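Colleague: Handing you a structure now.
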Amino acid sequence: MSKRTAAMYCKTGARAAALALGMLALAPGLAAENTRSQAVADTQPLVETLTPRQQAIPLIAAFMAGSDIPRLNAALHQGLDAGLSISEAKEVLVQLYAYVGFPRSLNALNELRAVVDERKRQGIQDAPGLEPSRAIPTGDQLLAVGKANQTRISGAPIAGPLFDFAPIINQFLQAHLFGDIFERDNLDWQSRELATVGALAATPGVEAQLRSHMRASMRVGLTAAQMRHLTQVLAERGDRDAARRAGEALTHTLEAASAG
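According to mature numbering (1 follows the signal peptide of the UniProt record, and there is no 0), the residues represented by the sequence shown are -31 to -1, 1 to 229, in order.
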């Protein structure tokens, strides 16, 4: 890490205060994984730590959730230095509007644009990355794809009193979150879950959703050791309260799994 980046991480930032969109994780493990990333994950050996690229993602997400622009700037530099493409960084910040709101997403995207421009002036050529490899379905087909993704990641069709009370929210989840967003295959689903966990860990009051996404992270192929590494990254370079919440969510998830 450069001296400039390290210095920026030392700056104090605003504490995360935004409430994430709670409905997005009331279903067990609101996360998804596209076919291409799943095929890749299935062939990968279990690993114990996050790569430098992966480490940057929850930091980017946590600082975005807390509207901590100076530290977000440093985390974006870190991610790009570690091999995160510009399109992958965009995807992280676009996806997180569903959890921390459009204003924070727009502000973060504007900061990414400024970072990319600054790096170009310095002669740094960052990988542009990819656009989605296929067209996103629309209409009834989109809803069907989203429902299938939701069921797949949750292990069963989602139902319950809340969705009986407000069925439209589940339709929005299926068509937009699981459809429009998670069908975009230019960011793998493990990265999407690392981003979601980072954002929720930085947001007080959404512990149930954070636990749900801890479970989802391991469903898409991340290991318990990697998620423990995520909590260490947050503690060392992010926010200790976020690290504590993430650690508690991981402990809860592992205890529930061992209990059967």
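C-beta atoms are modelled at their ideal positions from N, C-alpha and C, and glycine is treated no differently. These figures come from a predicted structure and were not determined experimentally.
1) Can we say the segment 38 to 58 touches the segment 180 to 195, given the rule of at least three CB pairs closer than 8 Å?
2) Could you work out which residue in LEU169, ALA193, GLN47, PRO136 is closest to LEU65 when comparing CA atoms only?
3) Rounded C-beta distance between THR18 and HIS198? I'm assuming under 8 Å.
4) Whole angstroms are fine: how far does the CA of PRO130 sit from the CA of SER102?
5) Taking contact to mean at least 3 C-beta pairs separated by less than 8 Å, is the segment 170 to 179 in contact with the segment 213 to 220?
6) What separation, rounded to the nearest whole angstrom, lies between the Cα atoms of GLY167 and VAL84?
7) How would you call LYS116, buried or exposed, if buried means at least 16 neighbouring beta carbons within 10 angstroms?
8) Does ILE137 come out as helix, strand or coil in the three-state DSSP assignment?
9) From LEU163, PRO72, ASP50, pick the residue whose C-alpha is nearest to that of LYS89; which is it?
Modeller: Taking the definition as stated:
1) Fewer than three pairs of CB atoms, one per stretch, sit closer than 8 Å, so the segment 38 to 58 makes no contact with the segment 180 to 195.
2) Reading the sequence shown from its first residue, position 96 is the one you call residue 65. Residue LEU169 holds the alpha-carbon nearest to the alpha-carbon of LEU65 among LEU169, ALA193, GLN47, PRO136.
3) Translated into positions along the sequence shown, residue 18 becomes position 49. Translated into positions along the sequence shown, residue 198 becomes position 229. Going by Cβ atoms, the distance from THR18 to HIS198 rounds to 5 Å, so yes, they are a contact pair.
4) Here the question's residue 102 lines up with position 133 in the sequence shown. Here the question's residue 130 lines up with position 161 in the sequence shown. Their Cα atoms are separated by approximately 37 Å.
5) Yes: at least three Cβ pairs fall under 8 Å.
6) The residue labelled residue 167 in the question sits at position 198 within the sequence shown. The residue labelled residue 84 in the question sits at position 115 within the sequence shown. The straight-line gap from Cα to Cα measures roughly 21 Å.
7) Along the sequence shown, one-based indexing puts residue 116 at 147. When all chains shown are included, LYS116 counts as buried.
8) What you label residue 137 is simply residue 168 of the sequence shown in a count that begins at 1. Helix at ILE137.
9) Position 120 of the sequence shown, counted from the start, is the residue given in the question as residue 89. The alpha carbon of LYS89 has as its nearest neighbour, out of LEU163, PRO72, ASP50, the alpha carbon of ASP50.
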